[in-house]
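**Q** Below you will find the structure I want to go over with you.
Protein chains in written order, with the working numbering: chain R, 1 to 368; chain W, 1001 to 1368.
See the structure below:
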């Protein structure tokens, strides 16, 4: 059931079978360097989010540039990283269910593993799993800093949960998880500033209330590619959890001109039909490129506009320009990188027009 | 990189790890039987579309009930079926690129394999690949019967392409591919009738023009779950290519009251947070359930409404009813089955509340 790789090292990019996930290595490395340089003067550390890349290979490259560890959203992602040698992993999410918790505790013997909680019942379940496995792990309190999805209310509710964690023999209080997910893609900079200003303020107050109860926060984590500069400058957040900056996507790029990061991730597609005048059809529909944050863009071909995704077909309108040839290969910029990566088994790393490497996407797929 | 199965035979459904793809075997078998019964009086045969299920196991169950073969959209799907013992496979789509064509020709030694074309250049490429492999395969002419995506114009252009196919020593003319994809999800029955009425009429005229040139159509294929009764009753189509009927999805079900098929496919999800009043969060976001045709519905829980999908979270509003418990498992009805199946490695077959079987989803993923 493993799909064979669509390329071999040394191949020219236009020989790669499609659809394929292309990583432009020069742009990718420039993004890793740019994030390290942007965070260096702030004092906040990067704990890059592996939900974007799902790859221990990429995690290692981020840590070589100063990232203190990785975030993941799911136990399957934590497994892929721990098995790939990543030493410090935070599940920045709730893990509910005995089977998943047991899998997580098994990893605590080969890596530092932490997890979040927003419910006292869940804290008890994590403690029971840790006890059964004979490990002791840090648990962060997730607070709702504005996105109204997961997280207890900042302030006294968070303090009470932190005390429950600190009171368990099998857990340690790991700090606060305070990610404002709904602010990441807001179009106007002032909207993002207002949302993160609020998040930082309620987080700061909660940190202070915890300190008054004798509880220090080893980690105050949050921030994504859309807002990380604000969290990093706040003086409240100690760890930045951006992930998409490694690849960038069409939606994030719309929000900052010029964007501080380059597009490094593309879906390579083949023109498979041009039977309808003014239309070219490529072999990358929404099974090959995620459309939840808008349709992909055709890279460096302004006369081609991707106007419709069906399961296996992408429909391009040919506007004013020359129609592409049958069999021609085009790079698409995904609207949203995370779920696009999730469709593939392999990164095809390209430099100077040649395939340089193939990296497995070890944690792809629907399983948690 | 293969994800382990989320369940074992004999488990209770509520013990299955989540997110997981649940197949309700009673409903699934009823759907297979219902389609066989609906087509029997029409004379049209079923060539079920495996793009929906991606599984040789399910293909065999369809063929045991009279399907003459399977359709696929991609070479990777054809490989999964041929390797799983399916003897008759039509790629109801264009296959462009030497590497893909070579893979397809390799299958022609273990199964009857046919493919579509809508371009003379492509016919030449298919013939060259067949010659190199020492095989002779049927090629169908795809016509544009109204969806304006792939396909040559009906009538003389289609006849010219059919003559090019028939004139090759390495190919056989296989008939017409005439699928009206854009009609499948139209809401009003009269809109679907008008679209298929047009498609059947242009197809009928093309079949007649081919006959006048001495070319018979072994296959006239088309029809999907939204319209198959119209194609089957037309007297023009010989093969029906429906796929989604096996599972049904929320979008197809909206169009027919009562729908002739039952929901048999579900995403099982766990309530992972209920920290925000009036909200429950499940561990199935749009990486776990496709949202391109609308959000999923919560099965048999009218007081729970799925209102937002982020990458790994699904947000439910609790309306008037009792809030679900932390850790409770809920079935979601996907808005669109095909791309939802594509996210998973395993079907978890359930009957009477117990896991009965695990079937691999052999052809999932982005590769073509």
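Backbone N, C-alpha and C define an ideal beta-carbon position, used for all residues, glycine too.
#1: Could you check whether the Cβ of residue 24 of chain R sits closer than 7 Å to any Cβ belonging to chain W?
#2: Applying a beta-carbon distance threshold of less than 8 Å, which residues of chain R neighbour residue 1144 of chain W?
#3: Return the first residue and the last residue of the alpha helix (DSSP H) that residue 1197 of chain W is part of.
#4: Would you call the CB atoms of residue 335 of chain R and residue 294 of chain R closer than 7 Å?
#5: From the DSSP output, which residues share a beta bridge with residue 1024 of chain W?
#6: Since residue 1173 of chain W sits in a beta bridge, which residues does DSSP pair it with?
#7: If you run the structure through DSSP and keep just helix, strand and coil, what is residue 360 of chain R?
#8: When the Cα atoms are used, what is the spatial distance from residue 267 of chain R to residue 19 of chain R?
#9: Judging by CA-CA distance, which residue of W:1094, W:1059, W:1134 and W:1175 is the nearest neighbour of residue 1106 of chain W?
#10: Any Cβ of chain W within less than 7 Å of the Cβ of residue 53 of chain R?
#11: Go through its chain and collect everything with a Cβ distance to residue 38 of chain R's Cβ below 6 Å, but skip five positions before and after it.
#12: Is the distance from the Cβ of residue 1047 of chain W to the Cβ of residue 1239 of chain W below 7 Å?
#13: For the segment 299 to 316 of chain R, which residues have a beta carbon sitting closer than 7 Å to at least one beta carbon of chain W?
#14: Give the DSSP bridge partners of residue 88 of chain R, in chain order.
#15: In terms of alpha-carbon separation, which member of W:1121, W:1118, W:1120 and W:1130 lies closest to residue 1103 of chain W?
#16: Does residue 116 of chain R come within less than 7 Å of chain W when only Cβ atoms are used?
#17: Which word fits residue 1062 of chain W, buried or exposed, when buried means at least 16 other C-beta atoms lie within 10 angstroms of its C-beta?
#18: For residue 271 of chain R and residue 314 of chain R, I'd like the C-alpha separation in whole angstroms.
#19: So for residue 1273 of chain W, helix, strand or coil by DSSP?
#20: Throw me the rounded Cβ distance for the residue 1159 of chain W and residue 1213 of chain W pair, which I believe falls under 8 Å.
#21: With a threshold of 7 Å on Cβ separation, who are the neighbours of residue 290 of chain R within its own chain once the five nearest residues in sequence on each side are excluded?
#22: Rounding to the nearest angstrom, what Cα-Cα distance links residue 1001 of chain W and residue 117 of chain R in this structure?
#23: Quick one: is residue 1011 of chain W near chain R, going by C-beta distance under 7 Å?
#24: According to a CB-to-CB cut-off of less than 9 Å, which residues of the segment 1260 to 1273 of chain W neighbour chain R?
#25: Below 7 Å between beta carbons is the criterion; list the residues of the segment 283 to 298 of chain R that meet it against any residue of chain W, in chain order.
#26: I'd like to know if residue 1099 of chain W contacts chain R, where contact means its C-beta is closer than 7 Å to some C-beta of that chain.
#27: Measure the beta-carbon distance from residue 358 of chain R to residue 7 of chain R and round it to whole angstroms, keeping in mind my assumption that it falls under 8 Å.
#28: Do you know offhand how far residue 1162 of chain W's Cα is from residue 1141 of chain W's?
#29: The beta strand (DSSP E) that contains residue 1306 of chain W, what's its start and end?
#30: Quick check on the DSSP output: what are the complete beta strand (DSSP E) runs of length 3 or more inside the segment 24 to 103 of chain R, in order along the chain?
#31: Provide the residue span of the beta strand (DSSP E) that contains residue 1282 of chain W, from first to last.
#32: Could you tell me whether any Cβ in chain W is nearer than 7 Å to the Cβ of residue 348 of chain R?
#33: In this structure, what does DSSP give as the bridge partners for residue 955 of chain W?
#34: Looking at C-alpha atoms only, which residue of R:260, R:84 and R:283 is the closest neighbour of residue 245 of chain R?
#35: Where does the unbroken beta strand (DSSP E) through residue 1317 of chain W begin, and where does it stop?
#36: Between the segment 347 to 355 of chain R and the segment 1217 to 1229 of chain W, are three or more C-beta pairs nearer than 8 Å?
**A** In this structure, then:
#1: Here the question's residue 24 of chain R lines up with position 24 in the first chain. Residue 24 of chain R does not count as touching chain W.
#2: Here residue 1144 of chain W refers to the residue found at position 144 of the second chain. Result: 275 and 276.
#3: Within the second chain, numbered from 1, the residue matching residue 1197 of chain W stands at position 197. Taken as a continuous stretch (DSSP letters only), the alpha helix (DSSP H) holding residue 1197 of chain W covers 1189 to 1212.
#4: Position 335 of the first chain, counted from the first residue, corresponds to residue 335 of chain R. Position 294 of the first chain, counted from the first residue, corresponds to residue 294 of chain R. Yes, these two residues count as a Cβ contact at 7 Å.
#5: Translated into positions along the second chain, residue 1024 of chain W becomes position 24. DSSP, once it has assigned bridges, lists W:1350 as partnering residue 1024 of chain W.
#6: The sequence position of residue 1173 of chain W within the second chain is 173, counting from 1. Paired residue(s): W:1139.
#7: Looking up residue 360 of chain R in the first chain gives position 360. Reduced to three states, the DSSP call for residue 360 of chain R is strand.
#8: Taking the first chain and counting its residues from 1, one reaches residue 267 of chain R at position 267. Taking the first chain and counting its residues from 1, one reaches residue 19 of chain R at position 19. Going from the Cα of residue 267 of chain R to the Cα of residue 19 of chain R covers about 6 Å.
#9: By one-based count along the second chain, residue 1106 of chain W stands at place 106. With respect to the C-alpha of residue 1106 of chain W, the residue from W:1094, W:1059, W:1134 and W:1175 having the closest C-alpha is W:1134.
#10: On the first chain, residue 53 of chain R is found 53 positions in, with the first residue counted as 1. No, its Cβ sits nowhere closer than 7 Å to a Cβ of chain W.
#11: As a first step, residue 38 of chain R is located in the first chain; it is residue number 38 there, counting from the start. Contacts found: none.
#12: Mapped onto the second chain, residue 1047 of chain W falls at position 47. Mapped onto the second chain, residue 1239 of chain W falls at position 239. Yes.
#13: 310, 311, 312, 313 and 315
#14: On the first chain, position 88 is the one that residue 88 of chain R refers to. Paired residue(s): R:112.
#15: Within the second chain, residue 1103 of chain W is the residue found at index 103, counting from 1. Residue W:1130 is the option with its Cα nearest to residue 1103 of chain W.
#16: Taking the first residue of the first chain as 1, we reach residue 116 of chain R at position 116. Residue 116 of chain R does not count as touching chain W.
#17: As a first step, residue 1062 of chain W is located in the second chain; it is residue number 62 there, counting from the start. Residue 1062 of chain W should be labelled buried.
#18: Stepping through the first chain from its first residue, residue 271 of chain R is reached at position 271. Stepping through the first chain from its first residue, residue 314 of chain R is reached at position 314. When rounded, the distance between both Cα atoms is 9 Å.
#19: By 1-based counting over the second chain, the position of residue 1273 of chain W is 273. Three-state DSSP puts residue 1273 of chain W in a strand.
#20: Here residue 1159 of chain W is taken as the residue at index 159 of the second chain, counted from 1. Here residue 1213 of chain W is taken as the residue at index 213 of the second chain, counted from 1. Going by Cβ atoms, the distance from residue 1159 of chain W to residue 1213 of chain W rounds to 6 Å, so yes, they are a contact pair.
#21: By 1-based counting over the first chain, the position of residue 290 of chain R is 290. Counting only Cβ-Cβ distances below 7 Å, and skipping sequence neighbours, we find 334, 335, 336, 339 and 340.
#22: Along the second chain, one-based indexing puts residue 1001 of chain W at 1. Along the first chain, one-based indexing puts residue 117 of chain R at 117. Legend: pLDDT at residue 1001 of chain W = 49, less than 50; position of this residue unreliable, value from coordinates given subsequently. C-alpha separation (whole angstroms): 28 Å.
#23: Indexing the second chain from 1 puts residue 1011 of chain W at position 11. No, because no Cβ of chain R sits closer than 7 Å to the Cβ of residue 1011 of chain W.
#24: 1267, 1270, 1271, 1272 and 1273
#25: 283, 286, 287, 288, 291 and 292
#26: Counting from one through the second chain, the residue named residue 1099 of chain W turns up at place 99. Yes, residue 1099 of chain W counts as interfacial toward chain R.
#27: Against the first chain, residue 358 of chain R aligns to sequence position 358. Against the first chain, residue 7 of chain R aligns to sequence position 7. Contact flag correct, Cβ pair sits at about 7 Å.
#28: Start at 1 with the first residue of the second chain, and residue 1162 of chain W comes out as number 162. Start at 1 with the first residue of the second chain, and residue 1141 of chain W comes out as number 141. Taking the straight line joining both Cα atoms gives about 6 Å.
#29: The residue given as residue 1306 of chain W occupies position 306 in the second chain. Counting along the chain, the beta strand (DSSP E) containing residue 1306 of chain W begins and ends at 1304 to 1309.
#30: 45 to 49, 69 to 72 and 88 to 94
#31: Against the second chain, residue 1282 of chain W aligns to sequence position 282. Counting along the chain, the beta strand (DSSP E) containing residue 1282 of chain W begins and ends at 1279 to 1282.
#32: Sequence index remark: in the first chain, residue 348 of chain R carries index 348 (1-based). No, residue 348 of chain R does not count as interfacial toward chain W.
#33: In the structure as shown, chain W starts at 1001 and stops at 1368, and residue 955 of chain W therefore has no counterpart that could be examined.
#34: One-based indexing of the first chain puts residue 245 of chain R at position 245. Measuring from the Cα of residue 245 of chain R, the nearest candidate turns out to be R:260.
#35: Walking along the second chain from the start, residue 1317 of chain W turns up at place 317. Note, residue 1317 of chain W: beta strand (DSSP E), 1314 to 1318.
#36: no
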